[in-house]
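Below you'll find the structure, written out as structure tokens, and then a few comments.
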Amino acid sequence: MFNTIAVPFDLAHIDKQAKAISAAADLAKHFGASLTLVGVTSTTPSETAHNPEEFARKLAEYAATQSDKFGIRFDTHSTVSVDVTIDLEKKLDTAIHEIGADLVVMASHEPGFRDYLFRSHSGNLATHTDLSVLIIR
């Protein structure tokens, strides 16, 4: 049913994405699909990485640990944005299409007051992409 699963991944919030990673790994095993962690980083230093190359390396290291943990290969795809806050959903959608994904599995957060005013990244992506999106809370 699905051949390529993309998991948008934020290295700054690893602990909040464990359920989405686990669900994506289970789905990939079930369908025999490939699995790719997709990350978006900025051109400027951040709490996660000093530059895009370091971000890509850290994403690959995390993917390797998850590959060992779940017994399935996790690939990575990182992309760079000048302003991640503004471009995140657009950059994710472009990257997800570049890898040929037909399913997106992503983590969400517990809704709060802010969510009554602004939509979440996962909600925005699900609204604006033509792909199937599974949001895990």
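Residue numbers (the working numbering): 385 to 521. Every residue gets a Cβ at the ideal spot worked out from N, C-alpha and C, and that includes glycine. Only a predicted model underlies this, so the values are computations on that prediction, with no experimental measurement involved.
- With a contact defined as Cβ atoms closer than 8 Å, L421 and L443 qualify at about 6 Å.
- Between Q450 and F458, the gap from beta carbon to beta carbon is short of 7 Å.
- For the pair A390 and I480, the CB atoms are nearer than the 7 Å cut-off.
- The beta-carbon separation of A408 and L395, rounded to 16 Å, does not stay under the 8 Å limit for a contact.
- For P392, the enclosing beta strand (DSSP E) has its first and last residue at 388 to 392.
- Less than 7 Å divides the Cβ of A404 from the Cβ of M490.
- When the alpha-carbon of E445 is set against those of V466, T427, G423, the nearest one is in G423.
- Nearest in C-alpha terms to Q401, of all of A417, G455, A447, T388, is A447.
- Nearest to K453 by C-alpha distance, out of D410, D477, T460, L487, is D410.
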